[in-house]
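First the structure, in the form of structure tokens, and then the observations on it.
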Amino acid sequence: MTTEFSDLHLHPQLLQAVTELGYETPTPIQESIIPLLLGGHDVIGQAQTGTGKTAAFALPILHHIALGTGNVQALVVAPTRELAMQVSKAMYEYGRLREVRVLAIYGGQPYSRQINRLRKGVDIVVGTPGRLLDLMERKALDLGDVKYVVLDEADEMLSMGFIEDIETILESTPEKRQ
Ligand code: AMP
Numbered sequence: 454m455t456t457e458f459s460d461l462h463l464h465p466q467l468l469q470a471v472t473e474l475g476y477e478t479p480t481p482i483q484e485s486i487i488p489l490l491l492g493g494h495d496v497i498g499q500a501q502t503g504t505g506k507t508a509a510f511a512l513p514i515l516h517h518i519a520l521g522t523g524n525v526q527a528l529v530v531a532p533t534r535e536l537a538m539q540v541s542k543a544m545y546e547y548g549r550l551r552e553v554r555v556l557a558i559y560g561g562q563p564y565s566r567q568i569n570r571l572r573k574g575v576d577i578v579v580g581t582p583g584r585l586l587d588l589m590e591r592k593a594l595d596l597g598d599v600k601y602v603v604l605d606e607a608d609e610m611l612s613m614g615f616i617e618d619i620e621t622i623l624e625s626t627p628e629k630r631q
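In our numbering, the protein residues as written are 454 to 631.
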């Protein structure tokens with residue numbers, strides 16, 4: 454029996470968003486991971502590029518997120534600027550109907566724009582390790598209310614030597630995060 458998106462019990466506005474994007478059925482990684490993440494479990498997912506990993510972690514976060522708190526509740530760490538931009542765009546599109554505020558944070562862009570957006574309130578931050586640390590040191594990024602952390606392409610980040618940066622970032626998030 455094929456699993457349908459509607460079988461996953463996602464928020465109706467997320468269901469509508471993926472339907473509008475033309476997604477008909479969940480991919481295998483979405484089908485296996487979304488129920489686990491919705492159930493509050495920690496998950497390591499491994500699948501080829503282009504198999505729908507982004508939605509697999511993004512939809513459960515967008516489902517659970519409490520809007521309008523003004524604090525960053527979810528953090529996605531990605532190895533490259535390109536991936537950070539791609540993931541933030543996808544999260545924005547999936548969360549558009551829920552009016553989720555997503556910000557991409559990466560080097561090579563002026564600090565002022567990112568800091569201003571953070572001041573105005575952001576629900577989800579997607580960033581590369583170096584710039585995330587920079588903004589934490591400048592006290593512009595507070596991870597004290599983060600409930601969900603994703604290490605996207607974790608293997609890639611380890612081989613790029615980001616382990617210490619990631620440990621520092623994780624230590625700044627609450628212990629009880631998913
Ligand atoms: P990703 O592996 O997350 O980079 O996704 C690869 C591509 O597949 C992206 O263009 C997504 O928009 C698309 N995609 C993700 N999930 C689905 C789905 N369930 N059905 C159709 N397309 C999808």
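Yeah, the Cβ is synthetic: ideal placement off N, Cα and C, and Gly gets one too.
When every heavy atom of the ligand AMP is checked, does at least one fall within less than 7 Å of the C-beta of residue i?
{"i": "Y545", "result": "no"}
{"i": "T456", "result": "no"}
{"i": "L474", "result": "yes"}
{"i": "K600", "result": "no"}
{"i": "E535", "result": "no"}
{"i": "E477", "result": "yes"}
{"i": "T507", "result": "yes"}
{"i": "G503", "result": "yes"}
Return yes when the Cβ of residue j is within less than 8 Å of the Cβ of residue i, no when it is not.
{"i": "G493", "j": "Q631", "result": "yes"}
{"i": "T431", "j": "V602", "result": "In the structure as shown, the chain starts at 454 and stops at 631, and residue 431 therefore has no counterpart that could be examined."}
{"i": "H516", "j": "L463", "result": "yes"}
{"i": "I577", "j": "Q526", "result": "yes"}
{"i": "A500", "j": "Y547", "result": "no"}
For residue i, does the count of other Cβ atoms within 10 angstroms reach 16, so buried, or fall short, so exposed?
{"i": "I482", "result": "buried"}
{"i": "P465", "result": "exposed"}
{"i": "G503", "result": "exposed"}
Jot down the residue ranges of each uninterrupted beta strand (DSSP E) in the region 510–575, minimum 3 residues, whole runs only, in chain order.
527–530 and 555–558
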